[in-house]
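Reviewing the structure listed below.
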Amino acid sequence: MIYKFCPICGSKLEERNSWDEGKVPYCKRDDKMFFDTPTPCIIAAVIRDDKILLLKQSYIFKNSKVLVSGYVTNGETVEETVRREVKEETGINVGEVKYLGSDYLEANEIIMLTFMAKYESGEIEKSDEVEWLDWTKIEDAICEMPEDEIGKRIVKKVIRHIDYKAY
Ligand SMILES: [Zn+2]
1196 MIYKFCPICG SKLEERNSWD EGKVPYCKRD DKMFFDTPTP CIIAAVIRDD
1246 KILLLKQSYI FKNSKVLVSG YVTNGETVEE TVRREVKEET GINVGEVKYL
1296 GSDYLEANEI IMLTFMAKYE SGEIEKSDEV EWLDWTKIED AICEMPEDEI
1346 GKRIVKKVIR HIDYKAY
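Using my numbering, the letters of the sequence shown map in sequence onto residues 1196 to 1362.
Spelled out as structure tokens, the structure:
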């Protein structure tokens, strides 16, 4: 997002040269530069043996199931975001968290960081923002996610990753 006014004090921003980035909007009062960066968001494929955790949240997709996702909060690492979001939305604790790559969503200026997270403990405990939630066989998951292109790609990545590890 390119700021015109300071989001802290409301002053009109000037431009200031940053060595690497060229001209960057700058607030004199707060002595702060506002870089044109995307919003970081995590998406997590939670795996338990041959099953993956799928959710139904109609505000995201009407006819698709989705993976756990959420915005990175200031002060936490993205791995912590994965653990927090999975716990909050599903009640599950995850162990090993592995980075699988990223996708850029131009429409919302979001950088979606993809993770595979291994089930560690806990039982499913649905949060109010989730309509449905359960373990689904990984090979059946893609059929449950017709609208979710990124989600499907992630499931394919997970399948490749698990196969790779099996040999
Ligand atoms: Zn300011």
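Quick reminder that beta carbons are idealized off the backbone N, C-alpha and C, glycines included. This one's a predicted model, so the numbers in the text were calculated from it and none came from an experiment.
| Item | Value |
| --- | --- |
| Taking 7 Å as the cut-off, does the CB of E1204 come closer than this to any heavy atom belonging to ligand 1? | The sequence shown places Cys at residue 1204, not Glu. Answer for C1204: yes, Cβ within range of ligand 1. |
| Ligand 1 heavy atoms versus the CB of R1211: any closer than 7 Å? | no |
| Considering only residues of the same chain and omitting the five flanking positions on each side of R1278, which have a CB-CB separation below 8 Å? | N1288, V1289, V1292 and A1312 |
| Using C-beta distances below 7 Å, list every residue in its chain close to I1354, excluding the 5 sequence neighbours before and after it, in chain order. | I1333 |
| Using a threshold of 8 Å, state whether the C-beta atoms of L1250 and V1325 are closer than that. | yes |
| Based on DSSP bridge pairs, tell me the residues matched to M1228. | Y1221 |
| By Cβ distance below 7 Å, which residues in the same chain neighbour E1283 in space, the five residues on each side in sequence not counted? | S1322 |
| What three-state label does DSSP hand T1272 in the structure shown? | coil |
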